[in-house]
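In the UniProt record's numbering, the protein residues as written are 1 to 197. No residue lacks a Cβ here, since even glycine has one placed at the ideal position from N, Cα and C. Take a look at the structure set out below.
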Amino acid sequence: MKEIKIIIVDDHKMLASALAAQLNKEEGIAVIETITDPTHLIKSLKEKQPDALLMDVRMGEFNGLELSKKIKEENAEIKIILMSGYHISHMAKDNGADAFASKEENISSLVQTIKKVCIDQANVFPMCEENMVLTNAEVKVLELISLDKTRKEIAAELYISEKTVTNHISSILSKLHVRSRIGAIMKGVELGIIGAK
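Put into structure tokens, the structure is as follows:
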């Protein structure tokens with residue numbers, strides 16, 4: 001059986017190296033590179049031509065969700081497995097990834113996911129907590145909140161009423177388990193829902 005060539009993308013060098021060491025013990029999997037600075041990623045994809053990317057969602061100024069979408073636009077054949085400590089598989093799916101793996105998973109579960117995606121050509125998106133799922137409209141509102149827009153400005157930009165904006169904000173605060181707009185922005189950035197401004 002042909003080895004599955006993987007590049008790990010994670011800005012935590014120790015975690016990336018430890019994960020690479022564990023995966024390299026598995027039959028049929030070869031980690032060909034670990035990347036801690038995503039600015040080198042596109043170059044590595046062209047040079048190394050991996051079968052799959054195992055990529056963290058949150059990497060300093062880089063957002064794995066946005067990178068996933070960009071990579072898929074240019075390299076549709078590369079399988080992308082996004083990893084996070086939060087259950088945001090719906091966001092991974094929406095951004096072109098082939099699978100989502102929780103950082104709470106053990107190595108054998110991760111290996112299964114890799115093989116399902118690369119050998120069986122399957123998509124793997126575990127069920128996420130419904131109360132953490134923001135709708136597309138709520139994500140747009142949260143993005144505009146992060147740009148310091150008022151309710152009135154958000155309503156005008158999205159062609160909705162101020163009352164609807166208020167309802168969206170209440171829903172966002174509830175789903176993200178925060179009490180303020182600032183808390184929502186911080187949690188949104190932490191989860192990779194919105195980029196850091």
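Output the boundary residues of the beta strand (DSSP E) element that contains residue i.
| i | result |
| --- | --- |
| Ala184 | Here Ala184 belongs to no beta strand (DSSP E); instead the alpha helix (DSSP H) covers 181-191. |
| Lys5 | 4-9 |
| residue 271 | Lying outside 1 to 197, the shown extent of the chain, residue 271 is not represented and no answer is given. |
Just tell me which of the options has its CA closest to the CA of residue i.
| i | options | result |
| --- | --- | --- |
| Asp120 | Glu105, Asn106, Ala99 | Ala99 |
| Ser84 | Leu15, Ile78, Thr150 | Leu15 |
| Lys140 | Ala122, Ile193, Lys103, Gly96 | Ile193 |
| Ile32 | Asn95, Leu65, Lys70, Ser44 | Ser44 |
| Leu173 | Glu162, Val133, Thr150 | Val133 |
| Ile71 | Met59, Asn123, Pro38 | Pro38 |
| Ile182 | Ser161, Asp148, Thr166, Asn167 | Asp148 |
| Glu190 | Leu82, Met59, Lys103, Thr150 | Met59 |
| Thr135 | Gly96, Glu162, His90 | His90 |
| Pro126 | Lys93, Ile107, Arg151 | Lys93 |
| Lys13 | Ile6, Leu23, Thr36 | Thr36 |
| Leu19 | Lys5, Val124, Thr34, Glu27 | Thr34 |
| Val9 | Met55, Glu105, Tyr86, Phe62 | Met55 |
Just checking my contact of residue i with residue j at CB under 8 Å: how many whole Å lie between their CB atoms?
| i | j | result |
| --- | --- | --- |
| Ala21 | Glu3 | At roughly 16 Å, the Cβ-Cβ gap does not stay under 8 Å, so Ala21 and Glu3 are not in contact. |
| Ala184 | Ile145 | 6 Å |
| Ile80 | Val57 | That belief does not hold up - the Cβ atoms of Ile80 and Val57 are roughly 11 Å apart, past 8 Å. |
| Gly195 | Glu66 | 7 Å |
| His168 | Glu143 | Rounded, the Cβ-Cβ distance is 12 Å, inconsistent with contact. |
| Ser68 | Asn95 | 5 Å |
| Ile6 | Ala76 | So it is not a contact: roughly 18 Å between Cβ atoms. |
| Leu110 | Ala97 | With 8 Å as the limit, Leu110 and Ala97 do not qualify as a contact, their Cβ atoms being about 14 Å apart. |
Starting from residue i, follow its DSSP beta bridges and name the residues at the other end.
| i | result |
| --- | --- |
| Ser84 | Ser102 |
| Ala52 | Ile6, Lys79 |
| Phe62 | Met59 |
| Val124 | Ala99 |
What residue range is occupied by the uninterrupted alpha helix (DSSP H) comprising residue i?
| i | result |
| --- | --- |
| Thr150 | Per DSSP, Thr150 belongs to no alpha helix (DSSP H) and is neither H nor E. |
| His177 | Per DSSP, His177 belongs to no alpha helix (DSSP H) and is neither H nor E. |
| His90 | 89-94 |
| Thr113 | 107-118 |
| Leu15 | 13-24 |
Spell out a yes or no on whether the stretch 42-50 and the stretch 168-180 are touching, meaning 3 or more CB-CB pairs, one atom from each, closer than 8 Å. Counting Cβ pairs under 8 Å, fewer than three are found: no touch.
Counting pairs of beta carbons, one from the stretch 151-158 and one from the stretch 106-120, are three or more of them closer than 8 Å? no
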